[in-house]
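Contents: one structure, followed by commentary.
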Amino acid sequence: MQKFNPNVPTGPLEGRWEKHKFDLALIAPQNRKKYNIIVIGTGLAGASLCATLGEAGYNVQSFCYNDSPRRAHSIAAQGGVNASKNYQNDGDSTWRLFYDTIKGGDFRARESNIYRLAQLSCNIIDQAVSQGVPFAREYSGYLANRSFGGTQVSRTFYARGQTGQQLLLGAYSSMSKEIASGKVKHTSRSEMLEIIIIDGKARGVVVRDLITGEISSHVSDCVVMCTGGYSNAYFLSTNAKGCNTSATWRAHKNGAYFANPSFTQIHPTCVPPTGDSQSKLTLMSESLRNDGRIWAPKNIEDCDKNPNEILDENRDYFLERMYPAFANLVPRDIASRALKGICDEGRGIGSIINDQRLGVYLDFSSVIEKMGIDKVKEKYGNLFDMYKSITGENPYEVPMKIYPAPHYTMGGLWVDYNLMTTIDGLFACGEANFSDHGANRLGASALMQGLADGYFIAPQTVANYLARGTFEKVSNDHPEVIASIDVVKSRIDKLMNAPMPEHSPDYFHRKVGGILWAACGMARDKKALEEAVKSIEKLKSDFWKSIKVTGSDTDFNQTLEKAGRVADFIELGHLMCVDALDREESCGAHARLEYLAESGDAMRDDENYGYVAAWEFNENGPKLHKEELNYEFIKPTYRDYK
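Quick note on this note's numbering: the sequence shown kicks off at 262 and runs consecutively.
Given below as structure tokens:
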């Protein structure tokens, strides 16, 4: 197997990032205007990176497929952002945040990356406050905190149920300042369809204007991917419908390794599906588990009753019963499996889907009685309003219904400590990389990682790459640039002209999503995964024979957009199943039924699978490379939340 270097520094854990920063090369302020950087994606990681690089004096080109950077999916991260400031004086610290994160990820991530994230968490809050982000405050004026899953301290800073939106507005306002100054040139409604590689280095991208259909190339000295996750591979997920994997998949097919693709998070707190015609699912914030109590009827005959008529002694507060130490705040993977188990027993509630009721109750009656309805509205009002508008039920009067759904992806492009992929000059930040969450992400850590990467890490490591490299001038008529444009045009032509066009992109998307949810969702086993691999291979063949794309490729064409993205989801879905099949253990959100404890909890195999699985693209099948994980400071243990 090929060796690849994670570039993890050595020495005392607390000093690694500071020492590493000192060893990174710098670029003098007067020289920064010589360098051009392309940033793809304008969520928290992308917008914060553009703002920081622009303010530093670099020339930045920014692209997103939305009509505005403010539409990035980061706004959907509602519940909060973690930081180890210990304002509650309840025993929190950088070390405890580091420990909670690495334990929550079931010991499948690098110690050095996670400790750096915990160190930078406090800087993120200071940065956001200075931008005017309206975090909730106590009566005294101090910033308020609440608890989240997988922790026993209150470290989550929040702005009601709009934390992601408010943080993105802060980053976007800073980015807008740099757009006005001319240091950042932003283009919306543009989708990246190819990476330009010259002499082994990422030197630009090919994009398609989603309004006019124009294909254009853009060159630079390096490229940074901030393009989010790939849970829409499941078709039904909490992600916005536009979220896709195409940018990272183009990078993968050009040589960037894809790490841990089967590590996908199923969020327990989602509005349950109500039928077969839905196009997406809605996340109810993790923060609701802070005050809501999760329960199901003890008796199957009570499942279709009005929940307010079910006596307390006939309710099973199963997370409180199964995991008394953490109760309703166990990590997401554990909560999701417990919810599924209750429904599999026949004690689910709500709509019947495929002969099964998929849902349990999330009840706020206790906290309303304790705090009063006005205080609850102050903390969760917009979330309760959103739930009512979706379901028609008032959560102040009847319990919410929840069920797990695909949400976040821990897998992503493999990156080293500098956030650079296996392609020189191609970086990946935020959810687009795999680096900080292992096999399960703790709640309120997504915003933390995106902002840490964008504000504090990538600006330093990108500068180091530029300072140490040499870059010949590349123009848009370079042979490799033209070749990349031809690749894009050829693929679009193939999508537009299938030999037997019959089915829409959504038809194939539902097909691959159904296969993935059944075989590579909350529960996985060898036989189902082997069948899924074969089914997806056949689906890929059927797709290219019978995909039907109407309209023109030289105009606004959302069917063409979807077709290209679904083609990538099919290929990624295949890799997800291959990765899940190869990992013969259970860890975090990867629950192989053959390797679960009697309690239903994961049973890791650290001796044989204590590594990051980094897959290299190969036309004859993916090739596995292993980055062994060494734990110097925390001994991997059984994840006990009881």
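All C-beta atoms in this analysis are idealised placements derived from N, C-alpha and C, irrespective of residue type, glycine included.
Under a three-way DSSP split, which group does Val-321 fall into?
For the purposes of this step, residue 321 is taken as the residue at position 60 of the sequence shown. DSSP places Val-321 in strand when its eight states are reduced to three.
Is Trp-278 buried or exposed, if buried means 16 or more other CB atoms sit within 10 Å of its CB?
Position 17 of the sequence shown, counting from 1, holds the residue named residue 278. Per the 10 Å Cβ criterion, buried.
* Report the rounded CA-to-CA distance for Ile-298 versus Asp-387, giving the unit in angstroms. => Against the sequence shown, residue 298 aligns to sequence position 37. Against the sequence shown, residue 387 aligns to sequence position 126. C-alpha separation (whole angstroms): 27 Å.
Discussion item. Residues in the same chain with beta-carbon distance under 8 Å from Met-267, minus the five sequence neighbours each way, listed in chain order, please.
Written reply: As a first step, residue 267 must be located in the sequence shown, where it is residue number 6. One detail in the question is off: residue 267 reads as Pro in this sequence, not Met. Correct list, in chain order: Arg-371, Asp-677, Tyr-678 and Glu-888.
Enumerate in chain order the residues of its own chain whose CB-to-CB distance from Tyr-326 is below 7 Å, with the five nearest sequence positions on each side excluded.
The residue labelled residue 326 in the question sits at position 65 within the sequence shown. Result list for Tyr-326: Arg-450, Ser-451, Glu-452, Leu-471 and Gly-503, in chain order.
### Query
Under 8 Å between the Cβ atoms of Lys-446 and Gly-686?
Stepping through the sequence shown from its first residue, residue 446 is reached at position 185. Stepping through the sequence shown from its first residue, residue 686 is reached at position 425. No.
inquiry  = If contact is defined by three or more beta carbon pairs under 8 Å, each pair taking one atom from either stretch, is the stretch 564-580 in contact with the stretch 427-435?
reply    = At 8 Å Cβ cutoff, the stretches do not touch.
**Request:** Put Met-709 into one of helix, strand or coil per three-state DSSP.
**Result:** As a working note, residue 709 is residue 448 in the sequence shown. Helix, per DSSP.
Met-757 lies in the beta strand (DSSP E); which residues open and close that run? Along the sequence shown, read from residue 1 onward, the residue named residue 757 stands at position 496. Counting along the chain, Met-757 falls outside any beta strand (DSSP E), though it belongs to the alpha helix (DSSP H) covering 740-757.
field: Cβ of Asn-567 within 8 Å of any chain B Cβ
entry: The structure shown contains no chain B, having only a single protein chain.
Check: Given that a residue counts as buried once 16 or more other Cβ atoms are within 10 Å of its Cβ, and exposed if not, what is Asn-891?
Finding: Start at 1 with the first residue of the sequence shown, and residue 891 comes out as number 630. The residue is exposed, with fewer than 16 neighbouring Cβ atoms inside 10 Å.
Exercise for the section: Could you tell me which of Asn-521, Asp-361, Lys-638 and Glu-832 sits nearest to Val-628, measuring between CA atoms? Expected result: For the purposes of this step, residue 628 is taken as residue 367 along the sequence shown, with counting starting at 1. If we check each option's Cα against that of Val-628, Lys-638 comes out closest.
When the distance is taken between beta carbons, is Pro-897 closer than 8 Å to Gly-672?
-> Working through the sequence shown from its first residue, we reach residue 672 at position 411. Working through the sequence shown from its first residue, we reach residue 897 at position 636. Taking 8 Å as the Cβ cut-off, Gly-672 and Pro-897 do not qualify as a contacting pair.
- Item | For Arg-608 and Asn-560, the rounded distance between their alpha carbons | Reading the sequence shown from its first residue, position 299 is the one you call residue 560. Reading the sequence shown from its first residue, position 347 is the one you call residue 608. In this structure, the alpha-carbon of Asn-560 lies about 7 Å from that of Arg-608.
Do the stretch 689-703 and the stretch 394-413 meet, that is, are 3 or more Cβ pairs less than 8 Å apart? yes
- Would the beta-carbon of Trp-556 fall within 8 Å of that of Val-621? As a working mapping, residue 556 is identified with position 295 in the sequence shown. As a working mapping, residue 621 is identified with position 360 in the sequence shown. Cβ distance < 8 Å, so Trp-556 and Val-621 count as in contact.
* Buried or exposed: where does Arg-293 fall if 16 or more other Cβ atoms within 10 Å of its Cβ makes it buried? -> The residue given as residue 293 occupies position 32 in the sequence shown. Its Cβ being crowded by 16 or more others within 10 Å, Arg-293 is buried.
Open item on the list: By the three-class DSSP mapping on this structure, what secondary structure does Cys-483 have?
Closed with: By 1-based counting over the sequence shown, the position of residue 483 is 222. Strand at Cys-483.
Quiz prompt | Among Leu-544, Gly-642, Ser-696 and His-835, nearest to Gly-775 - alpha-carbon criterion | solution = Within the sequence shown, the letter at position 514 stands for residue 775. When only C-alpha atoms are compared, the closest one is His-835.
Could you tell me whether the stretch 337-349 touches the stretch 537-555, using the rule of 3 or more Cβ pairs below 8 Å?
-> By the Cβ criterion, the stretch 337-349 is in contact with the stretch 537-555, since at least three pairs of Cβ atoms, one from each stretch, lie closer than 8 Å.
Got a sec, what are the start and stop residues for the alpha helix (DSSP H) Gln-526 sits in?
Position 265 of the sequence shown, counted from the first residue, corresponds to residue 526. Premise fails: Gln-526 lies in the beta strand (DSSP E), 525-531, not in any alpha helix (DSSP H).
| Gly-398 and Ala-405: beta carbons closer than 8 Å? | Here residue 398 refers to the residue found at position 137 when the sequence shown is read from its first residue. Here residue 405 refers to the residue found at position 144 when the sequence shown is read from its first residue. Correcting the residue type first, residue 398 is Arg in the shown sequence and not Gly. Going by C-beta atoms, Arg-398 is nearer than 8 Å to Ala-405.
Considering just the uninterrupted stretch of the alpha helix (DSSP H) at Arg-582, what are its terminal residues?
Position 321 of the sequence shown, counting from 1, holds the residue named residue 582. Per DSSP, Arg-582 belongs to the alpha helix (DSSP H) from 579-583.
* Could you please give me the residues that DSSP links to Cys-848 through a beta bridge? => For the purposes of this step, residue 848 is identified with residue 587 of the sequence shown, where counting begins at 1. Its beta-bridge partners are His-851.
query = Using the rule of at least 16 other Cβ atoms within 10 Å of the residue's Cβ for burial, across every protein chain shown, is Lys-273 buried or exposed?
reply = Residue mapping note: residue 273 aligns to position 12 of the sequence shown, counting from 1. Residue identity differs from the one stated: residue 273 is Pro in this sequence, not Lys. So Pro-273 counts as exposed.
Practice item. Taking His-668 as part of the beta strand (DSSP E), name the residues at either end of that continuous run. Key: Along the sequence shown, one-based indexing puts residue 668 at 407. Residues 661-670.
* Give me whichever residues DSSP pairs with Ala-689 in a beta bridge. => Within the sequence shown, the letter at position 428 stands for residue 689. For Ala-689, which the question treats as bridged, DSSP gives the partners Met-486.
For Leu-910 and Thr-424, what's the separation of their Cα atoms in angstroms? Missing from the structure shown is residue 910; the chain here goes from 262 to 903 and no further.
Point to revise | CA-to-CA distance, Phe-695 to Gln-263, given in whole angstroms | key: Along the sequence shown, one-based indexing puts residue 263 at 2. Along the sequence shown, one-based indexing puts residue 695 at 434. Below a pLDDT of 50, predicted positions are generally treated as unreliable, and Gln-263, at 46, falls in that range; the measurement from the model is reported next regardless. Rounded to the nearest angstrom, the two C-alpha atoms are 19 Å apart.
**Asked** Can the beta-carbon of Ile-489 be found less than 8 Å from the beta-carbon of Gly-304?
**Response** Translated into positions along the sequence shown, residue 489 becomes position 228. Translated into positions along the sequence shown, residue 304 becomes position 43. As written in the sequence, residue 489 is Gly, which differs from the Ile given in the question. Contact: yes.
Just grab the DSSP bridge partners of Pro-558 for me.
-> Working through the sequence shown from its first residue, we reach residue 558 at position 297. Partner(s): Arg-576.
Tell me the DSSP secondary structure of Tyr-899 in three-state form. Residue 899 sits at position 638 when you count from the first residue of the sequence shown. Of the three classes helix, strand and coil, the one that applies to Tyr-899 here is coil, per DSSP.
- Euclidean distance between Cα positions of Asp-840 and Ala-784: One-based indexing of the sequence shown puts residue 840 at position 579. One-based indexing of the sequence shown puts residue 784 at position 523. Asp-840 and Ala-784 have their C-alpha atoms spaced approximately 14 Å apart.
Could you give the distance in angstroms between the alpha-carbon of Thr-313 and the alpha-carbon of Lys-788? Residue numbering aside, residue 313 sits at position 52 when the sequence shown is read from its first letter. Residue numbering aside, residue 788 sits at position 527 when the sequence shown is read from its first letter. When rounded, the distance between both Cα atoms is 48 Å.
* To do: Can you grab the Cα-Cα spacing for the pair Arg-582 / Lys-601, in whole Å?
  => The count along the sequence shown starts at 1 and reaches residue 582 at position 321. The count along the sequence shown starts at 1 and reaches residue 601 at position 340. Distance between the alpha carbons of Arg-582 and Lys-601 is about 16 Å.
**Message:** Tell me the DSSP secondary structure of Ser-540 in three-state form.
**Reply:** Walking along the sequence shown from the start, residue 540 turns up at place 279. Three-state DSSP puts Ser-540 in coil, outside helix and strand.
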